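Worksheet for the structure shown next.
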Amino acid sequence: MTSLLIVDDEKLAVAGIISVLNREKLHITQIHSAYNINQAKEIFLKQPVDVMLCDIEMPSGSGLELLDWVNNNYPRTVSVILTCHADFEYAKRAVQLKSLDYILKPVPPHELEAVVEKAIEKLHEDQTQAQLSIYGHYWFQNQPLLIEKFWLDVLNQNIEPDAGAISRAATERNIPLHDAVVPILIVFQRWHNEVNHTGEQAMKAAIRNAAEFFVNSIQENSVLLSLGTDKFLAIVPATSDAKPVIRQLLKSCERFIGDCHRYYKCDLCIYLGEDVVPHNLAEMVKNLKGLEENNVAYYNRVIRFNSIKPATGQLVPPNMQLWSAMLLGNAVEEVIQEAIHYLNGLVELSAMNVENLTHFHHDFLQMIYYLLTEKGVMARQLLSDKQSLALSKKANRSLADMIDWIRHIVNKAMRCLGTIEEAQSVVERTKEYILRNINKELTRESIAGHVFLNPDYLARIFKKSTGVTINDFILNERVIIAQELLAKTDMPISAVAAHLGYLNFSKFSQMFKNRTGFNPVKYRETSKRLQAKKVK
Numbered sequence: 002m003t004s005l006l007i008v009d010d011e012k013l014a015v016a017g018i019i020s021v022l023n024r025e026k027l028h029i030t031q032i033h034s035a036y037n038i039n040q041a042k043e044i045f046l047k048q049p050v051d052v053m054l055c056d057i058e059m060p061s062g063s064g065l066e067l068l069d070w071v072n073n074n075y076p077r078t079v080s081v082i083l084t085c086h087a088d089f090e091y092a093k094r095a096v097q098l099k100s101l102d103y104i105l106k107p108v109p110p111h112e113l114e115a116v117v118e119k120a121i122e123k124l125h126e127d128q129t130q131a132q133l134s135i136y137g138h139y140w141f142q143n144q145p146l147l148i149e150k151f152w153l154d155v156l157n158q159n160i161e162p163d164a165g166a167i168s169r170a171a172t173e174r175n176i177p178l179h180d181a182v183v184p185i186l187i188v189f190q191r192w193h194n195e196v197n198h199t200g201e202q203a204m205k206a207a208i209r210n211a212a213e214f215f216v217n218s219i220q221e222n223s224v225l226l227s228l229g230t231d232k233f234l235a236i237v238p239a240t241s242d243a244k245p246v247i248r249q250l251l252k253s254c255e256r257f258i259g260d261c262h263r264y265y266k267c268d269l270c271i272y273l274g275e276d277v278v279p280h281n282l283a284e285m286v287k288n289l290k291g292l293e294e295n296n297v298a299y300y301n302r303v304i305r306f307n308s309i310k311p312a313t314g315q316l317v318p319p320n321m322q323l324w325s326a327m328l329l330g331n332a333v334e335e336v337i338q339e340a341i342h343y344l345n346g347l348v349e350l351s352a353m354n355v356e357n358l359t360h361f362h363h364d365f366l367q368m369i370y371y372l373l374t375e376k377g378v379m380a381r382q383l384l385s386d387k388q389s390l391a392l393s394k395k396a397n398r399s400l401a402d403m404i405d406w407i408r409h410i411v412n413k414a415m416r417c418l419g420t421i422e423e424a425q426s427v428v429e430r431t432k433e434y435i436l437r438n439i440n441k442e443l444t445r446e447s448i449a450g451h452v453f454l455n456p457d458y459l460a461r462i463f464k465k466s467t468g469v470t471i472n473d474f475i476l477n478e479r480v481i482i483a484q485e486l487l488a489k490t491d492m493p494i495s496a497v498a499a500h501l502g503y504l505n506f507s508k509f510s511q512m513f514k515n516r517t518g519f520n521p522v523k524y525r526e527t528s529k530r531l532q533a534k535k536v537k
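Numbered according to our numbering, the sequence shown spans residues 2 to 537.
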């Protein structure tokens with residue numbers, strides 16, 4: 002839809018132009034008339050004008066002056082000069098002012114319609130060009146994001162994994178596409194030192210920048226994608242003969258790992274794929290991720306696709322019964338070294354993977370639980386502290402994490418067993434704990450938890466050693482203290498009860514009478530009389 006402005010000081014000329022134009026054919030929605038420059042400017046100020054037909058000589062000013070003003074203020078308007086003067090200087094000036102055409106009046110109707118149609122076409126061309134320019138600017142600014150989105154769509158198979166579909170998508174998005182590419186999976190593993198959250202974010206951003214520089218230095222038009230916080234995927238164009246490219250990539254990857262280890266104080270692994278056509282990229286990356294998930298043995302390595310050999314030889318489980326007996330014999334470091342030796346043997350057999358490491362984790366933990374249970378130790382309670390849980394959770398990540406966990410759990414379990422066998426018996430420590438907390442609510446569970454024993458097991462060994470149950474021991478000790486306080490102090494009986502952990506006075510009185518045959522009041526009176534007689 003187009004708006005047209007006709008500027009001419011001759012009203013009949015304006016009316017004539019309006020009468021001969023086929024508005025429907027030309028898709029003209031509005032026609033405005035102005036008979037001098039000032040009127041024309043007012044129309045421009047009030048509403049948009051797409052095409053302007055303008056005379057040159059008018060009483061209030063030249064049409065060329067108006068054309069100059071329109072160019073400066075409304076450059077998208079397409080202008081055509083209509084004049085009675087076949088003057089070269091006029092025509093030259095009109096061309097300089099970018100008038101689309103210079104038409105001499107009177108203009109035949111078909112010629113007038115043709116020039117207006119030409120102006121409208123020019124208007125549409127300019128609009129299309131402006132839109133393309135906007136798109137071009139947008140694409141240039143967002144080119145890295147658009148390229149990244151394209152390759153993520155390929156990996157996630159949002160684009161059908163078909164050569165034709167990927168080629169069409171690349172063409173539509175104006176993405177350079179190569180006949181073959183080599184994927185490189187870069188995986189961060191761990192820091193050498195403790196790093197807080199803010200520092201970690203900054204360091205990982207620096208590693209990403211270094212990875213971008215590394216990728217761009219390998220091959221022009223290489224792309225780096227983020228796959229989560231700890232993984233990057235480089236997509237490197239490959240030539241028809243990919244072997245030299247892959248050899249060069251191998252050296253570059255090793256150098257990048259060394260730089261990160263040296264300057265960023267971190268460990269990482271790089272998984273180098275083979276050259277594939279774009280529609281096979283997703284499958285190759287899936288294979289590289291499989292290598293990464295199963296890599297529990299190596300740090301700071303370049304691992305090539307198909308370089309991991311299948312397990313050789315028969316996988317023999319460790320002799321956990323022997324290790325358990327060795328621990329009972331206090332051969333702590335020997336067991337740890339045996340476990341490390343066994344795990345390193347899995348690496349040599351190419352059998353070190355997540356599955357086998359997880360099986361070892363379960364078996365070793367079961368051995369420790371059995372060892373502690375046999376000694377009456379509540380293993381779950383002993384090993385449920387924050388550090389033990391964190392190390393156990395990390396144990397299946399890598400061989401190094403597993404070794405850290407083995408050292409921790411073995412040493413902690415043996416410290417507990419050693420404590421049990423100390424000169425001060427469990428029973429004595431239980432008595433001490435009860436006496437220190439005689440004024441608190443005491444349960445079998447809380448007492449057993451203090452000495453890391455099963456409540457039933459503690460109850461058995463306590464009675465065997467003392468001849469009384471834990472509950473009877475607590476009551477006897479409370480009665481002894483109560484008798485002392487009732488006989489030798491004027492402390493209110495309610496205060497005596499509270500001092501011994503009884504908030505209910507009646508309950509205290511009942512317990513005291515059951516144990517002594519007297520209620521607390523009677524016991525105090527009797528004790529006072531006896532003391533008075535002794536004084537006399």
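All C-beta atoms, glycine included, are put in the ideal place defined by N, C-alpha and C. Because the structure is a prediction, the values reported are computed rather than measured.
Do leucine 501 and asparagine 440 have their beta-carbon atoms positioned less than 8 Å apart in this structure? As a position in the sequence shown, residue 440 is number 439, starting the count at 1. As a position in the sequence shown, residue 501 is number 500, starting the count at 1. In this structure, leucine 501 lies closer than 8 Å to asparagine 440 by Cβ.
Among the residues of its own chain, which have a CB less than 6 Å from the CB of threonine 78, if the five just before and after it don't count? As a first step, residue 78 is located in the sequence shown; it is residue number 77 there, counting from the start. Cβ neighbours of threonine 78 beyond the five flanking positions: Val50, Met53 and Val71.
C-alpha distance - glutamate 485 paired with glycine 450, whole-angstrom precision: For the purposes of this step, residue 485 is taken as residue 484 along the sequence shown, with counting starting at 1. For the purposes of this step, residue 450 is taken as residue 449 along the sequence shown, with counting starting at 1. Roughly 30 Å between the two C-alpha positions.
Between aspartate 127 and glutamate 255, what straight-line distance do the alpha-carbon atoms span, to the nearest angstrom? Locating residue 127 in the sequence shown gives position 126, counting from the first residue. Locating residue 255 in the sequence shown gives position 254, counting from the first residue. About 53 Å.
For alanine 164 and valine 286, which I take to be in contact (beta-carbon distance under 8 Å), what is that distance rounded to the nearest angstrom? By 1-based counting over the sequence shown, the position of residue 164 is 163. By 1-based counting over the sequence shown, the position of residue 286 is 285. Wrong, their Cβ atoms sit about 17 Å apart, outside the cutoff.
Is the separation between the beta-carbon of leucine 83 and that of valine 108 shorter than 8 Å? If you number the sequence shown from 1, residue 83 lands on position 82. If you number the sequence shown from 1, residue 108 lands on position 107. Against a cut-off of 8 Å, the Cβ pair of valine 108 and leucine 83 comes out as a contact.
Residue closest to alanine 283, alpha-carbon to alpha-carbon, out of Met415, Ile160 and Ser227: On the sequence shown, position 282 is the one that residue 283 refers to. Here the closest residue by C-alpha is Ile160.
Pull up the distance between the alpha-carbon of glutamate 356 and that of tryptophan 406, whole angstroms please. As a working note, residue 356 is residue 355 in the sequence shown. As a working note, residue 406 is residue 405 in the sequence shown. Spanning the two alpha carbons is a distance of roughly 17 Å.
Per DSSP, cross-strand counterpart(s) of isoleucine 236: The residue given as residue 236 occupies position 235 in the sequence shown. Answer is Pro184 and Val224.
6 Å CB neighbourhood of valine 428 in its chain, flanking five on each side removed: Against the sequence shown, residue 428 aligns to sequence position 427. Cβ within range, chain order: Phe463 and Ser466.
Relative to the C-alpha of methionine 2, which residue among Glu122, Ala14 and Ser61 is closest? Taking the sequence shown and counting its residues from 1, one reaches residue 2 at position 1. The shortest Cα separation from methionine 2 among Glu122, Ala14 and Ser61 belongs to Glu122.
Rounded to whole angstroms, what is the Cα-Cα separation between alanine 298 and arginine 398? Numbered from its first residue, the sequence shown carries residue 298 at position 297. Numbered from its first residue, the sequence shown carries residue 398 at position 397. Computed Cα separation, rounded: 9 Å.
What beta strand (DSSP E) runs, 3 residues minimum, are completely inside the stretch 42-92? 52-55 and 79-84
Out of Ser61, Leu358, His360 and Leu384, which one is the CA nearest neighbour of tyrosine 370? In the sequence shown, counting from the first residue as 1, residue 370 sits at position 369. Of the listed residues, the one whose Cα sits closest to tyrosine 370 is Leu384.
How many whole angstroms separate the CB atoms of histidine 362 and methionine 403, which I take to be in contact at a CB cut-off of 8 Å? As a first step, residue 362 must be located in the sequence shown, where it is residue number 361. As a first step, residue 403 must be located in the sequence shown, where it is residue number 402. Sure, about 7 Å apart at Cβ, within 8 Å.
Taking the alpha-carbon positions, what's the isoleucine 57 to aspartate 9 distance? Along the sequence shown, one-based indexing puts residue 57 at 56. Along the sequence shown, one-based indexing puts residue 9 at 8. When rounded, the distance between both Cα atoms is 8 Å.
On the three-state DSSP scale, how would you describe arginine 461? Counting from one through the sequence shown, the residue named residue 461 turns up at place 460. Correct three-state label for arginine 461: helix.
Cα separation between asparagine 345 and asparagine 217? Along the sequence shown, read from residue 1 onward, the residue named residue 345 stands at position 344. Along the sequence shown, read from residue 1 onward, the residue named residue 217 stands at position 216. Going from the Cα of asparagine 345 to the Cα of asparagine 217 covers about 37 Å.
For asparagine 73 and lysine 150, what's the separation of their Cα atoms in angstroms? Walking along the sequence shown from the start, residue 73 turns up at place 72. Walking along the sequence shown from the start, residue 150 turns up at place 149. So the alpha carbons of these two residues sit roughly 41 Å apart.
Span of the alpha helix (DSSP H) around alanine 171: Looking up residue 171 in the sequence shown gives position 170. Here the alpha helix (DSSP H) through alanine 171 covers 164-173.
Below 8 Å between beta carbons: does that hold for leucine 27 and valine 117? One-based indexing of the sequence shown puts residue 27 at position 26. One-based indexing of the sequence shown puts residue 117 at position 116. Closer than 8 Å, so yes.
Lysine 523 versus serine 510 - alpha carbon distance: As a working note, residue 523 is residue 522 in the sequence shown. As a working note, residue 510 is residue 509 in the sequence shown. Taking the straight line from one Cα to the other gives about 11 Å.
Considering only their Cβ atoms, is the gap separating alanine 35 from isoleucine 44 smaller than 8 Å? In the sequence shown, counting from the first residue as 1, residue 44 sits at position 43. In the sequence shown, counting from the first residue as 1, residue 35 sits at position 34. Yes, these two residues count as a Cβ contact at 8 Å.
Roughly how many angstroms lie between the CA atoms of phenylalanine 215 and serine 389, to the nearest whole one? Indexing the sequence shown from 1 puts residue 215 at position 214. Indexing the sequence shown from 1 puts residue 389 at position 388. So the alpha carbons of these two residues sit roughly 39 Å apart.
Suppose you measure from the CA of proline 110 to the CA of leucine 22; what does that come to, to the nearest Å? Numbered from its first residue, the sequence shown carries residue 110 at position 109. Numbered from its first residue, the sequence shown carries residue 22 at position 21. Each residue's Cα considered, the two are about 8 Å apart.
Terminal residues of the beta strand (DSSP E) in which threonine 3 lies: Indexing the sequence shown from 1 puts residue 3 at position 2. Unbroken beta strand (DSSP E) run through threonine 3: 3-8.
Integer Cβ distance of valine 333 from valine 224, believed to fall under 8 Å: In the sequence shown, the residue the question calls residue 333 occupies position 332. In the sequence shown, the residue the question calls residue 224 occupies position 223. Their Cβ separation, rounded to whole angstroms, is 52 Å, which puts valine 333 and valine 224 out of contact at 8 Å.
For the beta strand (DSSP E) that contains tyrosine 300, what are its first and last residues? By one-based count along the sequence shown, residue 300 stands at place 299. First-last for tyrosine 300: undefined, no H or E at that position.
How big is the Cα-Cα spacing for aspartate 242 and tryptophan 324? Residue numbering aside, residue 242 sits at position 241 when the sequence shown is read from its first letter. Residue numbering aside, residue 324 sits at position 323 when the sequence shown is read from its first letter. Straight-line Cα distance between these residues: approximately 54 Å.
Three-state secondary structure assigned by DSSP to serine 34: Here residue 34 is taken as the residue at index 33 of the sequence shown, counted from 1. The answer is strand: DSSP assigns serine 34 an E or B state.
Mapping DSSP to helix, strand and coil, what is arginine 398? Translated into the one-based positions of the sequence shown, residue 398 becomes position 397. Arginine 398 falls in the coil class under three-state DSSP.
How about serine 61 and glutamine 31: do their beta carbons lie closer than 8 Å? On the sequence shown, residue 61 is found 60 positions in, with the first residue counted as 1. On the sequence shown, residue 31 is found 30 positions in, with the first residue counted as 1. Not closer than 8 Å, so no.
Since aspartate 268 sits in a beta bridge, which residues does DSSP pair it with? Residue numbering aside, residue 268 sits at position 267 when the sequence shown is read from its first letter. Note: aspartate 268 sits in a beta bridge opposite Arg191.
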